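Below: one structure, written as structure tokens.
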């Protein structure tokens with residue numbers, strides 16, 4: 044009989060809670076929902092102030108990010124796109140940067156429809172890579188495989 048992977052059978056709570064800040068997850072879902080609701084119909088000057096802060100490569104507060112996520116005005120969206128391109132060029136110049144995840148296990152308790160690792164995929168063979176396999180993957184990803 045095959046064991047079904049669920050959060051209860053796979054996740055060890057103490058491996059998560061030890062990273063909590065004052066007993067809470069660092070992602071505050073309630074705060075995010077509240078700030079998104081409060082940022083509806085953002086003021087144009089506020090949006091432009093946030094874009095200027097972004098262009099200065101300063102970290103945005105969650106409330107500022109919520110404002111940008113609520114922009115619907117086509118002109119402001121165009122300004123956001125232009126600012127994003129300027130930031131990209133400022134940070135990365137004309138390079139193309141890619142990020143490649145390294146999967147060391149095919150065990151997952153989530154059920155994302157697009158993902159082959161999803162818990163309900165009956166075709167997925169579950170396994171964890173060995174240390175040697177992880178090293179080989181890392182070498183391949185960094186171009187050190189020959």
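Numbering (my numbering), first residue to last: 44 to 189. The beta-carbon is built from N, C-alpha and C at its ideal position, and this holds for glycine as well. Remember, it's a predicted structure, so these values are computed and weren't measured experimentally.
With 16 as the cutoff for other CB atoms within 10 Å, does residue i come out buried or exposed?
i	result
residue 109	buried
residue 174	exposed
residue 114	buried
residue 97	buried
residue 51	exposed
residue 125	exposed
residue 165	exposed
residue 85	buried
residue 78	buried
Can you give me the start and stop residues for the alpha helix (DSSP H) that residue i sits inside?
i	result
residue 104	No alpha helix (DSSP H) contains residue 104, which DSSP labels as neither H nor E.
residue 121	117-135
residue 148	First-last for residue 148: undefined, no H or E at that position.
residue 75	72-81
residue 86	Segment: none, residue 86 is in no alpha helix (DSSP H) and carries neither H nor E.
residue 168	Premise fails: residue 168 is in no alpha helix (DSSP H) and is neither H nor E.
residue 54	Note, residue 54: premise wrong, no alpha helix (DSSP H); not H, not E.
residue 99	Element bounds for residue 99: n/a, residue is neither H nor E.
residue 175	174-184
Taking the Cβ atom as the reference point for each residue, do residue i and residue j lie within a distance shorter than 8 Å?
i	j	result
residue 89	residue 119	no
residue 171	residue 150	yes
residue 179	residue 145	no
residue 93	residue 111	yes
residue 80	residue 106	no
residue 134	residue 53	no
residue 147	residue 100	no
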